[in-house]
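Engineer: Residue 16 in the working numbering is what sits at position 16 of the sequence shown, and the numbering runs on without skipping anything.
From the three backbone atoms N, C-alpha and C, an ideal C-beta is built for every residue, glycine too.
Remember, it's a predicted structure, so these values are computed and weren't measured experimentally.
Please read through the structure below; I'll follow up with questions.
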Amino acid sequence: MKKVLIPTALDAIAKDTLEAHGGYAVVQAPKCDLAQLAAANPDAHALIVRSEKVTPEIIDALPALKVVVRAGAGYNTIDIKYARKKGIDVMNTPGANSNAVAEEVIALILADARHLVAADASCRAGKWEKSSFMGTELTGKTLGIVGLGYIGQLVARRAAGFDVKVLGYDPFTSEEKARALGVELVGLPDLFARADYVTLHVPENDETRGMVNRSLLSQMKPGATLVNCARAGILVEDDLRAVRAEKGIRFLNDVYAKDAEGPKSVADIADLMLPHLGASTREANRKAAELAARELIDLDDKGITSAVVNRSVPAGLDPAFARLANVLARICRRTLGTAARLKLVEARYYGSLQPYADWLLTPVAAGLSAEYDTGLDHKGTLKFLADMGVDYVEREADGSKGYANSITLDLTGNLDAEHLVRASVRGTVEEGNLLVSRINDFDKLYMEPAGNWAVFAYDDRPGVLGRIAAALAAHGINIDDVRNPHDSRGHASLAILRVNRPLGDELVDRIRADIGADIAFHIEIQ
Ligand code: NAD
C-alpha cells in the first residue's frame with residue numbers, strides 16, 4: 001500500500017479515485033498542520049497539496065516521499081529544487097483551473113467597467129448616483145494577453161464573444177497557434193502601448209519576476225486597465241503606483257506576495273482586489289483533485305512524467321505518446337511471453353518524437369517491469385535495465401518510411417541458452433486516440449489498446465476463431481471487437497479480441513492448448 005497525505009480540503013474525488021484504483025492508503029486531514037501530519041506519517045509515498053508550503057523541513061520529515069502533487073497550476077509554494085535533490089518528482093495539474101481564472105479575468109474587467117461593486121454598495125445605502133457610475137464597454141476594445149498558456153488561451157477564447165481585438169505576447173507560442181486563437185502576436189512594449197486592457201498570465205520565475213516595470217507600464221494608454229491574476233512578483237508595485245498617478249491606470253488584482261489576512265500593500269492602487277480567488281470554483285477544485293489523483297496513478301503505474309515540473313522535461317511532449325510508449329511496452333512484453341528472459345529492447349521513435357526519446361524510456365521501462373521505480377531518472381533507468389541483464393538500444397528511425405509520430409518497440413529474449421524469441425509492436429496516436437498498428441508481422445491493425453484484450457497467434461486454418469469464441473461464450477465472456485489478420489507467407493493468424501471482462505490464466509491456457517497457439521495472453525489496458 002502506498003500512503004498518500006492530503007493535508008487540505010481538496011475535493012473528495014482525489015481520495016475516492018486513489019482508493020477505487022487500489023494500492024493506495026489515503027490520509028486526508030484538512031485542518032491538520034502539515035508538519036504534524038508529516039511527523040505522524042513518515043512512510044508517506046506522496047503528498048497532494050493546494051497552497052500548503054512544502055519546505056525542505058517537510059521533505060526531510062518524509063524520507064519515503066517520492067511525489068508531491070500540487071492540485072493547481074502555480075507551484076512556487078513547493079521547494080522544487082530541494083525536492084529534485086532528494087529524487088522527488090513534483091507535478092502540477094495544468095489546465096484544471098484555467099477556466100476558473102479566465103472567467104475571473106472577464107468578471108473583473110466587466111465589474112470594473114460597470115462599477116458593479118461600488119454601485120451595489122451605493123444603491124444598498126439607499127443612494128441614487130446613476131451619473132457617478134457611467135460605465136465603459138469591452139466590445140470593440142483591444143485586449144493584450146501576456147502569456148498564452150492554458151489560461152491566456154482561454155482568456156482569448158472567452159473574450160472573442162465581445163468582439164475585441166486580441167494581442168498576445170508569448171515567446172514560446174507559434175504564429176500558427178496564435179492565428180488559430182485569433183490572437184495577433186506582438187512584442188511586449190507594443191502590447192502595452194496598444195491594449196486597453198492588459199492581462200498577465202505568465203508564471204513567476206527568475207525571468208518574469210519584476211517583468212512588468214516602469215518602462216513597460218509607462219507605454220500604457222491613459223486610463224487603460226491592468227489585470228493581475230497571475231502572481232504578485234511579476235509586477236513592480238511601486239512602478240505601477242507612480243505610473244498610475246500620472247496616467248490613471250486602472251488595476252484589478254487577485255494575487256499578493258503572501259496569501260494571508262491583514263492589510264494589503266496594493267490597497268491604495270487596486271480598483272478591485274480579491275483574496276486570490278482565481279481557482280476558487282467548485283468545478284476547478286474538483287477537476288484539479290481528480291487530475292492530481294490520475295497523474296499520481298499514471299506516474300506510479302505507467303511512468304508518465306508529462307506533468308512533472310522539476311525534471312528537465314522537454315516542453316511539448318503530448319502525454320498521449322507517453323501512454324502509448326507504456327502500453328506498447330506492456331503488449332510487446334506479453335507477446336514475447338512470460339517464459340522468455342528479456343535481453344534486448346530496441347526502440348524507434350518516428351516523426352517529431354525523437355527529441356523525447358530519453359523521456360519516453362520511463363513509460364517503456366514501467367511497461368516492461370512491475371519492479372521499475374518510476375522516480376528514476378534516465379541514467380537510473382538505464383542502470384535498472386542493465387542490472388536486469390537488459391540492453392536498451394535506441395535505433396535510428398528510418399525516415400524513408402514516411403511514418404508520422406509513432407513508436408516501434410522490438411524485444412528479444414531467451415527461452416533457454418539456445419533459443420531466442422522476438423516480439424515487435426508498433427503504434428501511433430490518431431485524433432488523441434492510441435492505436436496499435438502492428439504486432440509482429442501482422443500489420444495495419446489500427447486497434448485501440450483499451451479494456452480487456454485476449455490475444456492468440458496460431459497456424460492459419462478454418463474454424464479457430466469460432467473455437468475461441470465458443471470457449472469465451474462458455475465462460476459468459478462477450479466479445480466487443482475483433483481483429484483477425486492472416487499472414488499468408490507464414491500461414492499464421494492473429495486473433496485480438498476485446499472482451500467485456502478479464503480472462504483468467506486458466507482459460508487462456510485452455511484455449512492455448514485447444515488451438516495450439518504460439519502466443520496466448522490476456523492483458524487489461526486502462
Ligand atoms: P501555463 O504554463 O500554461 O502558461 C504560461 C505561459 O506563459 C506559457 O505559454 C509560457 O510560454 C508563457 N511564458 C513563460 N515565460 C514567459 C515570458 N517571459 N514572457 C511571456 N510569456 C511567457 O500556465 P497557466 O496555467 O496559464 O497559468 C499561468 C499562471 O497563472 C501560473 O503560473 C500561475 O502563477 C497563475 N495562476 C493564478 C491563479 C489564481 O488563482 N489567480 C490560478 C492558476 C494559475
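Is it the case that the CB of residue 256 approaches a heavy atom of the ligand NAD more closely than 7 Å?
Structural biologist: Counting from one through the sequence shown, the residue named residue 256 turns up at place 256. Residue 256 Cβ: outside cutoff for every heavy atom of the ligand NAD.
Engineer: Is it true that the CB of residue 69 sits closer than 8 Å to the CB of residue 144?
Structural biologist: Position 144 of the sequence shown holds residue 144. Position 69 of the sequence shown holds residue 69. No, Cβ-Cβ distance for residue 144 and residue 69 is not below 8 Å.
Engineer: Does the contact criterion of 3 or more C-beta pairs under 8 Å hold for the stretch 360–375 versus the stretch 412–421?
Structural biologist: no
Engineer: Can you name, in chain order, every residue of its own chain whose Cβ lies under 7 Å from the Cβ of residue 8, other than the five neighbours on each side?
Structural biologist: On the sequence shown, position 8 is the one that residue 8 refers to. Contacts found: 30, 49, 50, 52.
Engineer: Hey, out of 179, 215, 354, whose CA is closest to residue 192's CA?
Structural biologist: Counting from 1 along the sequence shown, the entry for residue 192 is found at position 192. For residue 192, the nearest C-alpha among the options comes from 215.
Engineer: Taking contact to mean at least 3 C-beta pairs separated by less than 8 Å, is the stretch 258–273 in contact with the stretch 226–243?
Structural biologist: yes
Engineer: Given residue 360, which residues of its chain have a CB within under 6 Å of its CB, disregarding the five upstream and five downstream residues?
Structural biologist: If you number the sequence shown from 1, residue 360 lands on position 360. Same-chain partners within the cutoff: 325.
Engineer: Select from 58, 246, 405, 457 the residue whose C-alpha is nearest the C-alpha of residue 334.
Structural biologist: Along the sequence shown, one-based indexing puts residue 334 at 334. Answer by Cα proximity: 457.
Engineer: Compute the Euclidean distance between the alpha carbons of residue 232 and residue 383, then round it to the nearest angstrom.
Structural biologist: Residue mapping note: residue 232 aligns to position 232 of the sequence shown, counting from 1. Residue mapping note: residue 383 aligns to position 383 of the sequence shown, counting from 1. CA-CA distance, residue 232 to residue 383, rounds to 43 Å.
Engineer: Runs of 4 residues minimum, wholly inside the stretch 332–404: which ones carry the alpha helix (DSSP H) assignment?
Structural biologist: 357–368, 378–387
Engineer: Using CA coordinates, which residue listed in 14, 252, 177 is at the minimum distance from residue 200?
Structural biologist: Within the sequence shown, residue 200 is the residue found at index 200, counting from 1. Ranking the options by Cα distance to residue 200, first place goes to 252.
Engineer: Looking only at its own chain, which residues have a Cβ that is under 8 Å from the Cβ of residue 248, when we skip the five neighbours before and after it?
Structural biologist: Along the sequence shown, read from residue 1 onward, the residue named residue 248 stands at position 248. Excluding residues within five positions, the ones whose Cβ falls inside 8 Å are 222, 223.
Engineer: Please confirm if the stretch 492–501 is in contact with the stretch 448–456, defined as three or more CB-CB distances below 8 Å between the two stretches.
Structural biologist: yes
Engineer: Count Cβ pairs between the stretch 432–452 and the stretch 336–352 that sit closer than 8 Å; are there 3 or more?
Structural biologist: no
Engineer: How would you write the range of the beta strand (DSSP E) that residue 466 sits in, first residue to last?
Structural biologist: Residue 466 sits at position 466 when you count from the first residue of the sequence shown. It is not in any beta strand (DSSP E) - residue 466 instead sits in the alpha helix (DSSP H) that spans 464–474.
Engineer: Under 7 Å: does the beta carbon of residue 162 sit that close to some heavy atom of the ligand NAD?
Structural biologist: Locating residue 162 in the sequence shown gives position 162, counting from the first residue. False, no ligand heavy atom lies under 7 Å from that Cβ.
Engineer: At a cut-off of 7 Å, is residue 231 close to the ligand NAD when judged by its beta-carbon and the heavy atoms of the ligand?
Structural biologist: Stepping through the sequence shown from its first residue, residue 231 is reached at position 231. Yes, the ligand NAD has a heavy atom inside 7 Å of this Cβ.
Engineer: Report all residues from its chain with a CB closer than 6 Å to the CB of residue 363; omit the five preceding and five following residues, and keep chain order.
Structural biologist: Start at 1 with the first residue of the sequence shown, and residue 363 comes out as number 363. Only 302, 303, 304, 322, 325, 326 meet the Cβ criterion.
Engineer: Less than 8 Å between the C-beta atoms of residue 44 and residue 62, yes or no?
Structural biologist: Your numbering for residue 44 matches position 44 in the sequence shown. Your numbering for residue 62 matches position 62 in the sequence shown. Cβ atoms of residue 44 and residue 62: closer than 8 Å.
Engineer: Can you give me the C-alpha to C-alpha distance between residue 23 and residue 2, rounded to a whole angstrom?
Structural biologist: Position 23 of the sequence shown, counted from the start, is the residue given in the question as residue 23. Position 2 of the sequence shown, counted from the start, is the residue given in the question as residue 2. C-alpha separation (whole angstroms): 6 Å.
Engineer: Measuring only the C-alpha atoms, how far is residue 83 from residue 491?
Structural biologist: Start at 1 with the first residue of the sequence shown, and residue 83 comes out as number 83. Start at 1 with the first residue of the sequence shown, and residue 491 comes out as number 491. So the two alpha carbons sit approximately 55 Å from each other.
Engineer: How many angstroms separate the CA atom of residue 506 from the CA atom of residue 79?
Structural biologist: Stepping through the sequence shown from its first residue, residue 506 is reached at position 506. Stepping through the sequence shown from its first residue, residue 79 is reached at position 79. Each residue's Cα considered, the two are about 50 Å apart.
Engineer: Ends of the alpha helix (DSSP H) at residue 139?
Structural biologist: As a first step, residue 139 is located in the sequence shown; it is residue number 139 there, counting from the start. From DSSP, residue 139 is part of no alpha helix (DSSP H); its letter is neither H nor E.
Engineer: Going by beta carbon distance, what residues of the same chain come within less than 8 Å of residue 533, once the five residues before and after it are set aside?
Structural biologist: Since the first and last residues shown for the chain are 1 and 526, residue 533 lies out of range.
Engineer: Please work out which residues of its chain come closer than 7 Å, Cβ to Cβ, to residue 483, disregarding the five sequence neighbours upstream and downstream, and give them in chain order.
Structural biologist: As a first step, residue 483 is located in the sequence shown; it is residue number 483 there, counting from the start. Cβ neighbours of residue 483 beyond the five flanking positions: 445, 447, 496.
Engineer: Examine the ligand NAD and report whether any of its heavy atoms sits within less than 7 Å of the Cβ of residue 112.
Structural biologist: For this step, residue 112 is matched to residue 112 along the sequence shown. Incorrect: residue 112 has no Cβ contact closer than 7 Å to the ligand NAD.
Engineer: When DSSP builds the beta bridges, which residues end up paired with residue 28?
Structural biologist: Walking along the sequence shown from the start, residue 28 turns up at place 28. Beta-bridge annotation (DSSP): residue 28 is paired with 6.
Engineer: So what does DSSP say about residue 115, is it helix, strand or coil?
Structural biologist: Working through the sequence shown from its first residue, we reach residue 115 at position 115. Residue state, collapsed to three classes: coil.
Engineer: Should residue 20 be labelled buried (16 or more other beta-carbon atoms within 10 Å of its own) or exposed?
Structural biologist: Counting from one through the sequence shown, the residue named residue 20 turns up at place 20. Its Cβ having fewer than 16 others within 10 Å, residue 20 is exposed.
Engineer: Checking 8 Å against the spacing of the C-beta atoms, do residue 328 and residue 390 come in under that value?
Structural biologist: Walking along the sequence shown from the start, residue 328 turns up at place 328. Walking along the sequence shown from the start, residue 390 turns up at place 390. Going by C-beta atoms, residue 328 is not nearer than 8 Å to residue 390.
Engineer: Excluding five sequence neighbours on each side, which residues of the same chain lie with their C-beta closer than 6 Å to the C-beta of residue 91?
Structural biologist: Along the sequence shown, one-based indexing puts residue 91 at 91. Hits under 6 Å: 69, 295, 307, 308.
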